[in-house]
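Note that full-length UniProt numbering has the sequence shown beginning at 1, numbered continuously upward. For glycine and all other residues, C-beta sits at the position ideal for the given N, C-alpha and C.
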Amino acid sequence: MILVAQVSDTHFDLGIRNTERVETVMRFLGELRRRPDAILVTGDVTESGKPEQYADARTALTTDIPVYAIPGNHDDRAHFRAMLLDQPASDEPINQVRRIGGSTVILLDSTVPGEPGGRLCETTYEWLREALDAAPADTPILLALHHPPARLSSPVVDEIALAEPERLAEIVAGDDRILAVLSGHAHSPAATTFAGRPLLIAPSTASVLGGAWELEMPHRVMDYAPDPAIALHVIDESGRLTTHFRSVSMAGRVTVQPI
Ligand SMILES: [Fe+2]
């Protein structure tokens, strides 16, 4: 069994609240009887890409479980790279390929600096094709990126989803090893299909954003009351992927946010 935890949209903002929620989630994962083989953080690690926010994130996300993070639209590539990856600051896309158990996880940078919407640049498409060529023939593959490449009936997020999803769909449909596509960005646990595969959207640890049946546009309502939540992706011995969405109780850990 391969167990991959997905934590998303942590939005470290130098406040206590969001940090404490991530600390609670990380404690939950660390104390599981069967601990995750890895933890993916699918973007919006910080609220506004400041180095101090990444410093907080780095502290809260440090564990002996491997943690692999990609940026979201609220992040800053240069500060992300310097603070979380210990690499020289650069605005180049932050794409990564990781072996987790017997699986391959390909993490794609879907951000467009300065824009809320997502797009995979030519460099990333080229890198993705090379990463798929280099991946073992018998490996199950998970693709992860911040922006969902499909509409989710989420009035806010659908306006700033991944552009040109058909380009990614063609690649996904053409590779039988790809089990699923994982994303964040929506602040809502959701599941749909994309290129004939599951598209699994992890909830945010920070807040919940309602769907078309809840929001009255143009008012944008973010709900901060629910507990932080995560996704747990299980690849069993037969190669089947099952995803559980789990909220983690903050009961007894509620802190008043200083102004
Ligand atoms: Fe977010």
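Quiz prompt | Among Val-221, Val-181, Met-222 and Ala-212, nearest to Ala-202 - alpha-carbon criterion | solution = Counted from its first residue, the sequence shown places residue 202 at position 202. Here the closest residue by C-alpha is Val-181.
Self-check item: Sufficient close CB pairs (3 or more, under 8 Å) joining the region 229-247 to the region 81-94
Solution: no
Quiz prompt | Within the region 86-115, ranges of the beta strand (DSSP E) (whole runs, at least 3 residues) | solution = 96-100 and 103-108
Quiz item: Are the Cβ atoms of Thr-205 and Val-22 separated by less than 7 Å?
Solution: In the sequence shown, the residue the question calls residue 205 occupies position 205. In the sequence shown, the residue the question calls residue 22 occupies position 22. Yes, the pair counts as a contact, with Cβ atoms nearer than the cut-off.
Quiz item: So is the beta-carbon of Pro-13 under 6 Å away from any non-hydrogen atom of ligand 1?
Solution: Taking the sequence shown and counting its residues from 1, the one referred to as residue 13 is at position 13. The sequence given here places Asp at residue 13; Pro does not occur at that position. Checking every heavy atom of ligand 1 against the Cβ of Asp-13, none is found closer than 6 Å.
Quiz item: When a residue counts only if its C-beta is closer than 5 Å to some heavy atom of ligand 1, which residues count, in chain order?
Solution: Asp-9 and Asp-44
Self-check item: Contact under 7 Å by Cβ, Ala-212 with Pro-155
Solution: Taking the sequence shown and counting its residues from 1, one reaches residue 212 at position 212. Taking the sequence shown and counting its residues from 1, one reaches residue 155 at position 155. Against a cut-off of 7 Å, the Cβ pair of Pro-155 and Ala-212 comes out as a contact.
Practice problem: Would you mind giving the Cβ-Cβ distance between Ile-2 and Arg-35, rounded to the nearest angstrom? I have them listed as a contact below 8 Å. | Solution: Position 2 of the sequence shown, counted from the first residue, corresponds to residue 2. Position 35 of the sequence shown, counted from the first residue, corresponds to residue 35. That pair is no contact at about 12 Å.
Exercise. Pull up the CB-CB distance for Ser-90 and Val-41, whole angstroms please, since I reckon it's below 8 Å.
Key: Numbered from 1 along the sequence shown, position 90 holds the residue referred to as residue 90. Numbered from 1 along the sequence shown, position 41 holds the residue referred to as residue 41. At roughly 19 Å, the Cβ-Cβ gap does not stay under 8 Å, so Ser-90 and Val-41 are not in contact.
Quiz prompt | Ranges of the beta strand (DSSP E) found wholly within the region 190-221, counting only runs of at least 3 | solution = 190-194 and 197-201
Practice problem: Express the C-alpha separation of Thr-59 and Leu-120 in angstroms, rounding to a whole number. | Solution: Taking the first residue of the sequence shown as position 1, residue 120 is located at position 120. Taking the first residue of the sequence shown as position 1, residue 59 is located at position 59. Looking at the two C-alpha atoms, the distance is approximately 29 Å.
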